Amino acid sequence: MSTRVDPSLLQEIKKYGEIHVEDCFNCGNCTAVCPLSNSNTPFPRNNIRMLQLGMKDKLLESIDPWLCYYCGECTITCPRQADPAEAQMTMRRWLTAQYDWTGLSKKLYTSTAWSIGALIIGALIVILLALGLHGPLVTNQVELNTFADVHMMHTADLILAALLGFFLLSNLFRMYLFTFPRGAQNPPPLSIFITEAWQLVLHMLTQKRFGECEDNKRWINHLILVFGYGTMFVLIVLFLSWFQTDELYPIYHPQRLIGYVAALAIIYGSGDALIGRITKKHQMHRYSQISDWLFPILLILLAISGLMISAFRVSGLPILTYYTYVGHLVVMMMLYICIGPMGKWAHLLYRPFAVYFQAVKEKAEEHNKAIAHAPAPVS
Amino acid sequence: MDENKLKADALVVGGGIAGMQSALDLADQGYQVILVEKEPSIGGKMIMLSKVFPTLDCASCITTPKMSAVANNKNIRILSYSEIQSIQKNGSGFIANVLKKPRFVVEETCTGCRLCEYACPVDIPNPFDLNIGAIRAVRVPFSTAVPQIAVLDMDNCILCGKCARACPVDSIDFLQTEKEVEIEVDTLIIATGFETTPIDAKKEYGNGKLHNVIDGLIMERLLAPTGPYARVIRPGDGKEPESIAYVQCAGSRDETLGVPYCSRICCMYAIKQAMLIAGSLPMADITIYYMDIRTFGKGYEQFYQNAQAMGIEFVKGKVAKISEDENQNPVVRVELIDENSQIIERTHDMIVLSVGMIPKYNPSQVYGVNVDEFGFVKSPTPNLSSTKTNQPGIFATGASTGPMDIVDSINSASAAASSAASYLESVRNGK
């Protein structure tokens, strides 16, 4: 099979992160030292070799970067200090941009101006909508549902969720197309996609591979963050009419308790990531692109503003409650526009799907071998 | 002449193969040379080796005659067990202050009969065998040591006095103290040699704590006929190894160790040792894990091909980790670069780390010579006169100037001697 070489590939990918893989002399230390790499998916050296040679199609087909959870062992032990872990991270950003058909992802990853622009647009959309659609501001008591009608908000949430889903799933479909290129010999049969689907659920819920890295504290913290974020996402998209209420429940009531616990989990998880990026103690946090900063910052702002709405509501401060509510929506829109389906947020599907696709590939290979070695039918 | 004040034409610092060669070349031209050696015997690293590549000559059969030639040359005076303290400029020459460490044995009368050694009740790890064998606290350092004079290890001596009673010439002197010697010379050659990168430097290779992982220099002692066991056994439990692996670049070309350069000798010594093991343990499997095999010298490539033809297995891939199984067998983890990037774990009986070369001594403070970022002496004109330093009259040679094998060290030593001689002549003839 011939391979087309793109000499500009490395220069292109360098826009996505601080990498210097030219230093690599392909000794294989990184691949052998990696706790997650194995003979079926030997990375990161293979990916770095593709980068050095400009094998763009091969790199697009590779899902190995998504199987890396950045423990940094390879970078710490690299004899050339070529930083393979950061190269994997950079390849993940590049792959995200390749999966995204709108082309926005590339702009957001490679241009600070575009990122700031996206934040401003997100804020403007919410502010304009709020100016146009808000209800009367009741000031003698907190009536959030009068200010922002809960049914209208729920509809807006569903529209937003549908948009997010549309972009995310269409990008995911492109990931599928890259991973299983057309015209390949013996594509995996549908039955394998179905029988391996449990992998998808398992890895999406547990991020189990993350725990196989040497330091599994980061995995626990990430799990806490995912739990908090997932809970909030479900509450707001599916149960907003129950969650956004003007009735004041006691603190142990699920409506308040679930909200508080989830918000604290988000603050803990994203705070941990932020502190890591500020102190740069872990390999993973040494280089931060704008998207790496924005994701935890916006998440933590989202949780804090959510808690503030509740606090103002309980304290009976109507105007502050309404303004904070709008602020909360502003942060949410910034998050989804700037790092949503075109950015880092999308890893919530790319990572489990990469594990799933890899399992399918391996099963298909076994399947093909079994066919090749099957005894010829007796005539 | 006062024994505390010496005068000579040239001072050579370091009595390894390079220093000895420089001293001999100068002495043969009629110059008076003083050779200062830090250890109790001259001979350096080369006298510890088993055989040398690519000719497979016995190392001590070449080194011992050189050592004797130095000792018996009327123009050379050896100051063993001595270290340079300071160097002052003295016109176009130098005055060196040398500290002579106490041997607790009177050099002038000791005959090297070894009766003290046989009488001594204290066994200590033998530094000449890199601490894997044992030797007495008072002893002649090794069988072919030059000078053949005993040395007493006061740190381990129990002061029982048995050696003093055994000595037929009353040479044991427990009260000996260090002595300062002032040497006036016109030129100076630095030949301070190298050290191997420490075996415990890399955490992935077990921090030096794995039982059956040794370095290349220890393997030299195991293979040498004068070695501690006179056979190759693994140090952990004395078992005869059936599978021996070499891990190349274990101390070179590795930024994490601060040694990004190639040490040049490791490929060749690993191949040489593999051949020697194939001779002494014909049934053993020998594997060499390498990143690149660099056989740059004359006859070296043929040597490598011979090793391949002998059945030594060469595996391309940098060993990332060494662990240990329950039988203390070392296990390597490596990506096979040439074979579809398979990641394998393989158990061997014994592993030799091909450690690299780092400078033994940094002469920049005492001599005022420039060194490079790794501590090797830096020549201002490396391509024109590689043994010159930035100090006129001070030359450097051998592995003190950079990683070098024996062949190159001897060439470099003769070059340094030649440069030093022309410096002497130019000074004396008023330039």
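Going down the list, the sequences are from chains A and B. All residue numbers for the first sequence refer to my numbering, where the first residue is 1 and numbers rise by one. All residue numbers for the second sequence refer to my numbering, where the first residue is 380 and numbers rise by one. Quick reminder that beta carbons are idealized off the backbone N, C-alpha and C, glycines included. All figures in this text were calculated on a predicted structure; none of them were measured in a lab.
Could you tell me which of the options sits nearest to residue i, measuring between CA atoms?
i       : options                            : result
K386(B) : G587(B), L414(B), K581(B), L403(B) : L414(B)
A97(A)  : P254(A), G122(A), G17(A)           : G17(A)
L124(A) : H222(A), A161(A), M332(A), N46(A)  : M332(A)
Q207(A) : K369(A), L67(A), N368(A), P375(A)  : L67(A)
N40(A)  : F483(B), L715(B), I785(B)          : L715(B)
S62(A)  : T179(A), L53(A), G340(A)           : T179(A)
N741(B) : A570(B), V517(B), V431(B)          : A570(B)
G658(B) : L435(B), V391(B), I785(B)          : L435(B)
D787(B) : K384(B), P433(B), K480(B)          : P433(B)
G340(A) : S291(A), V314(A), S315(A)          : S291(A)
I514(B) : T523(B), S522(B), I503(B), A524(B) : I503(B)
R600(B) : V548(B), A663(B), F521(B)          : F521(B)
L248(A) : L133(A), G230(A), F312(A), N368(A) : F312(A)
R351(A) : S2(A), R286(A), P65(A)             : P65(A)
P738(B) : V756(B), I722(B), E724(B)          : V756(B)
A389(B) : S459(B), S429(B), K453(B), G472(B) : G472(B)
E331(B) : L803(B), A686(B), S642(B), V484(B) : Outside the modelled stretch of chain B, which goes from 380 to 810, sits residue 331(B), for which no answer is possible.
L329(A) : I236(A), A162(A), L202(A)          : I236(A)
Y109(A) : I371(A), N368(A), K344(A), F353(A) : K344(A)
V226(A) : A374(A), D215(A), V261(A), Q11(A)  : V261(A)
G676(B) : K700(B), L403(B), M647(B)          : M647(B)
L51(A)  : Y70(A), N29(A), D23(A)             : D23(A)
V142(A) : G259(A), P318(A), R49(A), A85(A)   : P318(A)
L307(A) : T324(A), F295(A), P296(A), W293(A) : T324(A)
Exposed or buried, residue i, counting other C-beta atoms within 10 Å across all chains shown (16 or more means buried)?
i       : result
N171(A) : buried
V355(A) : buried
M175(A) : buried
M427(B) : buried
S801(B) : exposed
M380(B) : Confidence in M380(B) is poor, its pLDDT being 47 and thus under 50, which makes the residue's placement too unreliable to answer from.
I19(A)  : buried
H253(A) : exposed
G595(B) : buried
P7(A)   : exposed
W94(A)  : buried
G132(A) : exposed
A799(B) : buried
A397(B) : buried
E366(A) : exposed
S242(A) : It should be pointed out that residue 242(A) corresponds to Trp in this sequence rather than to Ser. Under this definition W242(A) is an exposed residue.
P547(B) : exposed
H373(A) : exposed
T556(B) : exposed
C539(B) : exposed
C440(B) : exposed
D404(B) : buried
P620(B) : buried
S791(B) : buried
Tell me, to the nearest whole angstrom, how far the beta carbon of residue i is from that of residue j; I am working on the premise that it is less than 8 Å.
i       : j       : result
V150(A) : Q255(A) : In fact, because the Cβ distance is near 13 Å, the residues do not count as touching under 8 Å.
I811(B) : M736(B) : Since the first and last residues shown for chain B are 380 and 810, residue 811(B) lies out of range.
S359(A) : Q199(A) : Note that residue 359(A) corresponds to Ala in the displayed sequence, not to Ser. Contact flag correct, Cβ pair sits at about 5 Å.
T766(B) : A794(B) : 5 Å
I672(B) : A663(B) : I672(B) to A663(B), Cβ: 20 Å. No contact.
L478(B) : Q467(B) : Contact flag wrong, Cβ pair sits at about 15 Å.
E496(B) : R518(B) : 4 Å
Looking at chain A, which residues of the segment 608 to 634 of chain B have a Cβ within less than 8 Å of any of its Cβ atoms?
C628, R632, D633, E634
At what residue ranges does the segment 593 to 658 of chain B contain a whole run of the beta strand (DSSP E), taking only runs of 3 or more?
622 to 626
At a CB distance below 7 Å, what residues from the segment 703 to 720 of chain B approach chain A? Give them in sequence order.
R712, V713, E714, I716, S720
Which of the residues in the segment 70 to 84 of chain A, read from start to end, lie with their CB under 8 Å from any CB of chain B?
I76, T77, C78, P79, R80, Q81
Segments assigned alpha helix (DSSP H), at least 4 residues, entirely inside the segment 56 to 104 of chain A:
56 to 61, 64 to 67, 73 to 77, 84 to 99
Continuous beta strand (DSSP E) assignments of at least 3 residues falling wholly in the segment 436 to 524 of chain B
455 to 458, 461 to 469, 472 to 479, 502 to 504, 513 to 515
My parser needs the alpha helix (DSSP H) runs of 4 or more residues fully inside the segment 679 to 709 of chain B; what are they?
679 to 688
For the segment 234 to 258 of chain A, which residues have a beta carbon sitting closer than 8 Å to at least one beta carbon of chain B?
none
Contacting positions in the segment 655 to 681 of chain B - beta carbon closer than 9 Å to chain A
M670, D671
Using a Cβ-Cβ cut-off of less than 9 Å, give me the residues of the segment 24 to 37 of chain A that come near chain B, in sequence order.
F25, N26, C27, G28, N29, C30, T31, A32, V33, C34, S37
Contacting positions in the segment 41 to 60 of chain A - beta carbon closer than 7 Å to chain B
P42, R45, N46
Contact residues within the segment 575 to 593 of chain B, judged by C-beta distance below 8 Å to chain A
E583
Of all the residues that make up the segment 514 to 529 of chain B, which are near chain A by a beta-carbon distance shorter than 9 Å?
none
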